[in-house]
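Protein chains in written order, with the working numbering: chain A, 89 to 552; chain B, 434 to 638.
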Amino acid sequence: MANWQPDPSFYPSPRMAAKAPAERLAYVAAFDPDRQKPDAIAVVDVDPGSTTYARIVGQVEMPNAGDELHHFGWNACSSCLCPNAPHPHMERRYLVVPGLRSSRLHIIDTKPDPKNPQIVRIIEPEEIAERAGYSRLHTTHCGPEGIYVNALGNAEGKAPGGMFLLDPESFDVMGQWEMDRGPQELAYDFWWHLGHDTMITSEWGTPDTFEDGLIPEVLLGSKYGRRLHFWDLHKRKHLQEIDFGEEYQLVFELRPAHDPTKAYGFVGCVISLKDLSASIWTWYRDGDKWAVKKVIEIPAEPADPDLLPPVLKGFKAVAPLVTDIDLSMDDHFLYVSCWGTGDMIQYDVSDPFAPKETGRVRIGGIVSRATHPGAKNGALNGGPQMVEISRDGRRVYFTNSLYGAIDPQFYPDGIDGWMVKLDVGENGGIAFDEKFFVDWPKGHRPHQVRLQGGDCSSDSYCYP
Amino acid sequence: MTPWLVLAGLGAFHGLNPAMGWLFAVALGMHRKSGKVVLLSLVPIAVGHALSIAVVVLAVVGVGLVIDQRALEVAAGLALIGWAGWHIAYGHRHRVRVGMQTGMVGLAAWSLVMATAHGAGLMLVPVVMPLCLAATPAREMTAAGSLPVALAAIAVHMAAMLAVTAAIAVSVYFWLDLAFLRRGWINLDMIWTAALMVAGLILII
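Put into structure tokens, the structure is as follows:
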């Protein structure tokens, strides 16, 4: 895998990455909620000049059924250029694709034919359990010490969840990442500030509390995750825990500023037990500690109980359910998926403590069932969920499914998969690309989107 | 004169490699928005590199005092080839201990570890050994003959390394843009591994 020059998709800084050419393909995780037929990574044509624009042009099926493909990432990215651990002559070539339910890890080669990726290695759950002590693999990031993968459960499927490392060339499991986990028990997302030697992790719950759907008693008892953990990235040591408090449940996606000199980022909290609102929090450096501040609150919308699923009927309101967020490469715009109400909201976060709404579209939604110009038959279900931004910030893609066992709790009549794209105005503002509506083939639901060459949640940078 | 030029050339080669420190100095300067930080960072980087080189060179001289010259050549040659092999197999694996918030001591430690892991000192052995031998009329390794020569060799290597590192770090920080790294950062690791291999073969043959 040794190249003579660095991979052309590696950029020293986010400023340079924002000038990258437009992506032509998107890779999308697609899973069968019934766990009968194999999940797949689908390849979607996102080149507007192509005759197959906005269509699935290829896919690779997993060898087993029931993996629940969810998040995935690249084997190598721009962090290979970091000065303290340089190894820039790698290729961004392999997708590292975990099964959230099966704990199986697939390595998929996109190079020989990007539209027909091939599985080149499978790491079975037993090997991961034995060598790293984890299961329920969730998110992956390429980083200074190789490929980082996190897991929501330990080898027995209980707490603690945590992280492990993969060799970026052989893909051998190297072992558990944490050297001192302190009080951390639950896991969900992780990312870092390379410029501040800091790892950040968030919390969902143990597998027994989500694999059959969210458990109301656990939620109302405030027993799901509600904390952020800050770690020394290089000593792999827990440094600080921030508890959002009993009111807040499900602290999910972490989006640190891309500029490595900035010490702040955004995290979404799915639900407030007080009023079903969702919130966005900014974490920031305060003296020699980390601190958080709630900067956005998205209220629940009153609704006719007849239109609500059992879990929300008693509240007579639809919760926004912010389940994913994403930050543009220039740290200017934050995109917030409201899977419950069906809104995708764009905020100007150039002042990270005073976000201003600059755009909003609605599609799907528990009550609204809003449609799309490209949809053939009206009312859409599901809502904005996994969102990905092009490196230049001009295009935003998202899909509508959250998690197999949770989808029917909020959308009891089922979710028909779709993927859509927004065009972003010069100074903000978002609108649907009317030509881009992927009516997802029945039997699969789409989840995370990764863009060829990198996107706004795939790479981290060491230079401003 | 030639061996001294080779030592200086190897110093320049080491200084040229972004993995040996100039890039770290530039990055720290960018993070702390200070050209002074770029220049100051070069000091611990050079010190760490020199320490790594000195340990290896002095160890070789020390061993040379007690064992036969030919045995030493073969042992050092095998070590070099082994190092190259390790690089090919595991060079991409690294435990990262020093990050962007590092202080000057951490930076020196980082430079020491990087130089040692890359076998920077070993690479000098085929040049330093003949110089040490030539220092005595009987062409034997003696403490009195070898020590000044070895120290001078380290100094020459260091001066060349520092000069090149400083020149690149300063030009990149003040005038160039890091964008050139995207295409211009050729795979010095491959050349480096080949250099280790060649140095090993020279010693054995």
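Where is the CB? At the ideal position from N, CA and C, for every residue including glycine.
All values reported here derive from a predicted model rather than from experimental measurement.
>> What are the residues in the segment 436–465 of chain B lying within 7 Å of chain A by C-beta distance?
In response: PRO451, ALA452, LEU456, PHE457, ALA460, MET463, HIS464
> Does MET594 of chain B come within less than 9 Å of chain A when only Cβ atoms are used?
Replying inline: no
> Name the chain A residues whose beta carbon is nearer than 8 Å to that of VAL531 of chain B?
Replying inline: ASN172, HIS322
> So what's PRO527 of chain A in DSSP terms, helix, strand or just coil?
Replying inline: It should be noted that the sequence gives Asp, not Pro, for residue 527 of chain A. Strand at ASP527 of chain A.
> Taking the DSSP output, what are the residues bridged to ILE129 of chain A?
Replying inline: Paired residue(s): A:ALA117, A:VAL148.
> Thinking just about the alpha-carbon of each residue, which of B:PRO451, B:ALA592, B:ILE624 is nearest to the one in ASN172 of chain A?
Replying inline: For the set B:PRO451, B:ALA592, B:ILE624, the Cα lying nearest the Cα of ASN172 of chain A is the one of B:PRO451.
>> For LEU472 of chain B and GLY263 of chain A, I'd like the C-alpha separation in whole angstroms.
In response: 38 Å
>> Considering only their Cβ atoms, is the gap separating MET432 of chain A from ARG448 of chain A smaller than 9 Å?
In response: Closer than 9 Å, so yes.
>> Between the alpha carbons of PHE457 of chain B and ASP480 of chain A, how many angstroms are there, rounded?
In response: 27 Å
> CA-CA distance, THR297 of chain A and GLU273 of chain A?
Replying inline: 14 Å
> So, do the segment 511–523 of chain A and the segment 318–329 of chain A have three or more beta carbon pairs nearer to each other than 8 Å?
Replying inline: no
> Where GLY448 of chain B and THR549 of chain B are concerned, what is the direct C-alpha to C-alpha distance, given to the nearest angstrom?
Replying inline: One alpha carbon belongs to GLY448 of chain B, the other to THR549 of chain B, and they sit about 14 Å apart.
> Sorted by chain position, which residues of the same chain lie with C-beta nearer than 6 Å to VAL140 of chain A's C-beta, five sequence neighbours on each side aside?
Replying inline: The residue asked about is misnamed: residue 140 of chain A is Thr in this sequence, not Val. The residues are ASP133.
> Starting from ARG448 of chain A and walking both ways along the beta strand (DSSP E), at which residues does that stretch end?
Replying inline: 444–450
>> Count Cβ pairs between the segment 224–241 of chain A and the segment 155–162 of chain A that sit closer than 8 Å; are there 3 or more?
In response: yes
> Can you check whether the CB of PHE486 of chain A is closer than 9 Å to the CB of VAL455 of chain A?
Replying inline: One thing to note: VAL455 of chain A has its Cβ no nearer than 9 Å to the Cβ of PHE486 of chain A.
> Which ranges does the beta strand (DSSP E) cover as unbroken runs of at least 3 residues, wholly within the segment 275–320 of chain A, from first to last along the chain?
Replying inline: 278–281, 286–289, 315–320
> Which whole-angstrom value describes the C-beta separation of LEU475 of chain B and ALA576 of chain B, a residue pair presumed to lie in contact below a C-beta threshold of 8 Å?
Replying inline: Contact flag wrong, Cβ pair sits at about 32 Å.
>> Rounded to whole angstroms, what is the Cα-Cα separation between ALA217 of chain A and ALA243 of chain A?
In response: 5 Å
> For ASP547 of chain A, which residues in chain B fall below 8 Å Cβ to Cβ?
Replying inline: Per Cβ cutoff of 8 Å: no residues; ASP547 of chain A is ~13 Å from chain B at best.
> Can you list the beta strand (DSSP E) stretches of 3 or more residues lying completely in the segment 379–432 of chain A, in chain order?
Replying inline: If we require 3 residues or more, the beta strand (DSSP E) runs fully inside the segment 379–432 of chain A come out as 410–415, 421–426.
>> To test your reading of the DSSP string, which unbroken beta strand (DSSP E) runs of 3 or more residues are found completely within the segment 552–636 of chain B?
In response: At a cut-off of 3 residues, not a single continuous stretch assigned as beta strand (DSSP E) sits fully inside the segment 552–636 of chain B.
> When we look at the beta-carbon of LEU385 of chain B and count the other beta-carbons within 10 Å, is it buried (16 or more) or exposed?
Replying inline: Residue 385 of chain B lies beyond the stretch modelled for chain B, which goes from 434 to 638, so this question has no answer here.
> If you compare alpha carbons, which of A:THR446, A:GLY505, A:VAL508, A:LYS530 is closest to GLU514 of chain A?
Replying inline: A:THR446
>> Quick check: the Cα distance between LEU97 of chain A and TYR222 of chain A, rounded to an integer number of angstroms?
In response: First, the amino acid is wrong: residue 97 of chain A is Ser here, not Leu. When rounded, the separation of the alpha-carbon atoms in SER97 of chain A and TYR222 of chain A is 31 Å.
> So what does DSSP say about THR549 of chain B, is it helix, strand or coil?
Replying inline: helix
>> If I follow the unbroken alpha helix (DSSP H) through ARG503 of chain B, where does it start and stop?
In response: 502–523
> In chain A, which residues lie with their C-beta within 9 Å of the C-beta of HIS527 of chain B?
Replying inline: ALA173, HIS175, PRO232, GLU233, GLY234
>> Given the structure, does GLY524 of chain B come close to the ligand FMN, in the sense that its CB is under 8 Å from one of the ligand's heavy atoms?
In response: Although the ligand FMN was asked about, the structure shown includes no ligands whatsoever.
>> Within 10 Å of its beta-carbon, does PRO390 of chain A have 16 or more other beta-carbons around it, so buried, or fewer, so exposed?
In response: exposed
>> Report the CB separation of ILE386 of chain A from CYS426 of chain A in whole angstroms; it is logged as a contact under 8 Å.
In response: 6 Å
> What span of residues does the beta strand (DSSP E) with ASP495 of chain A cover, start to end?
Replying inline: Run containing ASP495 of chain A: none in the beta strand (DSSP E); it sits in the alpha helix (DSSP H), 495–498.
> Who are the near neighbours of ALA351 of chain A in its chain, counting only those whose CB is closer than 7 Å to its CB and skipping five residues on each side?
Replying inline: Excluding positions up to five away in sequence, the list reads HIS281, HIS284, TYR372, ARG373.
> Which residues in chain A sit within 9 Å of ARG616 of chain B, going by Cβ to Cβ distance?
Replying inline: For a Cβ distance threshold of 9 Å, residue set GLN93, PRO94, PRO96 of chain A lies close to ARG616 of chain B, ordered along the chain.
> So which residues of chain B does GLY283 of chain A contact, with C-beta pairs closer than 7 Å?
Replying inline: HIS464, MET533
> Between which two residues does the alpha helix (DSSP H) containing HIS447 of chain B stretch?
Replying inline: 435–449
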